[in-house]
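> If you count the sequence shown from 1, you need to add 10 to reach this note's numbering.
Think of the CB as a built atom: it goes at the ideal place given N, C-alpha and C, for glycine as much as any other residue.
Can you keep this structure in mind? I'll have questions shortly.
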Amino acid sequence: MVIKVAINGYGTIGKRVADAVDAQDDMEIVGVTKTRPAFGCDLAVRKGYPIYCTYDDSDKIAAFASAGYECHGGLTDLLEVADIVIDCSPGKVGASNLDKYQSAGVKWIFQGGEKHAMTGMSYTSSANHAENLNADGTRVVSCNTTGLSRTLVPLYNHCGKLSVECTMIRRAADPGDSSKGPINAIKPVLKVPSHHGPDVMTVKPEISINSMAVAVPTTIMHVHVIVAQLPDGHGLTTESVIDMWSKQPRIILMDGGETGITTTAEVMEYARDIGRKWGDLHEIFVWRDGVKLEGNTLYYFQAIHQESDVIPENVDAIRALMGTESDWLASVAKTDQSIAKYNNIL
Ligand SMILES: NC(=O)c1ccc[n+]([C@@H]2O[C@H](COP(=O)([O-])OP(=O)(O)OC[C@H]3O[C@@H](n4cnc5c(N)ncnc54)[C@H](OP(=O)(O)O)[C@@H]3O)[C@@H](O)[C@H]2O)c1
C-alpha cells in the first residue's frame, strides 16, 4: 500500500516534510497547498508536487493560472485524493482546518504550533508511537519537545522516575524569516514555567518537567540547558548515560574539545559538510564533554535544529496513524535510511 499524503502549508516545515515523504517507498505526495501564487510555488513545480490552493474560492484558484502555475483545485479537491494530510500551516491556524479534515474523512497530523488540547493526541516516535497506532489524528510535538524527548525518554525508561528542570535558549527566528526578533536583546519568556518542558508530558506524562525560556539573537539553533534528578539506585554513570544515548536513533554525541564543534555555528557547519539538504540536522546534538552525572543530578546541554528535527517524526507519525508499522524503531530506521539515500548521503 502506498499512502497518499497531502501537505497543507508549504512553508518552512511543509517543504521539508514533503521531501522526507517523497523519499519513502511506502508513501507519496499527492499535492501541496499555497495560499497564493508566490514564493514556494517554483520549488513545488521543480519537485513535481501538484499545487493546490489553500482555499476553495474559484478566484483564488484562478490566480495561480494567471501567474503561470498549474493549480489542481482547492483544499477540498486535494483532500479527496489523500489518505492523510500533514497540516504545516502557521501555528494556531491549523485548528481552523480540523473540521475540513474530519468532514473529508482523511487522517490528519498537526504541528507543534497547535495545542495538545485541540488534537487530544500528540506524537514523538521515541515516546508514544504505539499509542498513536490507527488514531484518526495527532500532533507532532514542537522541535523543542521532540529534542527533549529524545534524551529524556530513554533516561526515564531506565530509571522509572525522572524530575527535570531545563532552560531553553531559543533562536529568535528561522533564517528565512525577516519579521521577528529580537536582533539585539535577550528576551525572557515571562510566562513561568514556559510551555516547552511541560509539553513533554503530552507524550510522556510520567516525566516530571518544568522549563524557563529566553529568546536570543540567533537564527540557527536552540540550545537546552538541562538538569535532571534521577532516583536513588539509578545505577548510572556519566559514561553509561552517554552510552545509552549513543544507542538511540537521532542523537549525535560529539566531544566539543576534540572536534572543535563548541558552538551551534559549528554544529550547523557540520550539517552542511555532510551534505544535508538545506543544511538540516534531523538529529539532536549533545556535547559529550558537557554531560556530567554527580550523585543523582545529571547536567547536560543539547542543540536542536528547529527547522528539521520534527521532519522525520512526521513520516513515522504517518505510519503510526495508518497502522502500517507498529515498531517505532523499525519505522525510524526506514525513514532515516530512505532520507539518506534520497539525499545521496549514505
Ligand atoms: N519553523 C520552525 O522552526 C518550526 C519547528 C517545529 C514546528 N513548527 C511548527 O510547524 C508549523 C508550521 O510552521 P512553519 O515554520 O513551517 O511556518 P511557515 O514557514 O510560516 O509556513 C506556513 C505555511 O502555511 C501556509 N498557510 C498560511 N495560512 C494557511 C492556512 N490557513 N492553511 C494552510 N496553510 C496556510 C503559508 O503559505 P503561503 O506561503 O502559501 O502563504 C506558509 O507557507 C507551526 O505549527 C509551527 O509552530 C515550526
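1. If we call anything under 7 Å between Cβ atoms a contact, is K201 one with T248?
2. Examine ligand 3 and report whether any of its heavy atoms sits within less than 6 Å of the Cβ of N18.
3. Here's the rule I'm using: 16 or more other beta-carbon atoms within 10 Å means buried, otherwise exposed. How should M128 be labelled?
4. What separation, rounded to the nearest whole angstrom, lies between the Cα atoms of D29 and M254?
5. Would you kindly work out how many angstroms separate the C-alpha atoms of G333 and D326, rounded to a whole number?
6. Considering only DSSP beta bridges, list what H82 is partnered with.
7. What first and last residue would you give for the alpha helix (DSSP H) that runs through Y310?
8. Should I230 and M264 be called a contact, given that it needs their Cβ atoms to be closer than 7 Å?
9. Distance, Cα to Cα, A183 vs E317?
10. Tell me the DSSP bridge mates of T177?
11. Which term fits M131, buried or exposed, when burial requires 16 or more other beta carbons within 10 angstroms of its beta carbon?
12. With a Cβ-Cβ cutoff of 7 Å, do M178 and A238 count as a contact?
13. Would you say G266 and T272 are within 7 Å of each other, going by their C-beta atoms?
14. Given a cut-off of 7 Å on the beta-carbon distance, is the pair T148 and V210 in contact?
15. Tell me where the alpha helix (DSSP H) around L303 begins and ends.
16. Keeping to the same chain, check which residues put their C-beta closer than 7 Å to that of L143; ignore five residues upstream and five downstream.
17. W118 bridges to which residues according to DSSP?
18. Just how far apart, CA to CA, sit G123 and I23?
19. Whose C-alpha, out of D346, G41, D146 and S135, is nearest the C-alpha of C98?
20. Compare the Cα-Cα distances from I217 to each of V251, A225, G243 and L165 and report the closest residue.
Based on what the coordinates show:
1. no
2. For ligand 3, the structure offers nothing, since it holds only ligand 1.
3. exposed
4. Between D29 and M254, the C-alpha separation is close to 31 Å.
5. 10 Å
6. Partner(s): none; H82 has no beta bridge.
7. Unbroken run through Y310 is the beta strand (DSSP E), T307 to I314; no alpha helix (DSSP H).
8. no
9. 10 Å
10. M222 and V235
11. buried
12. No, Cβ-Cβ distance for M178 and A238 is not below 7 Å.
13. yes
14. no
15. It is not in any alpha helix (DSSP H) - L303 instead sits in the beta strand (DSSP E) that spans K302 to E304.
16. A330, G333 and S336
17. V95 and G147
18. 11 Å
19. Sorting D346, G41, D146 and S135 by C-alpha distance to the C-alpha of C98 places G41 at the top.
20. L165
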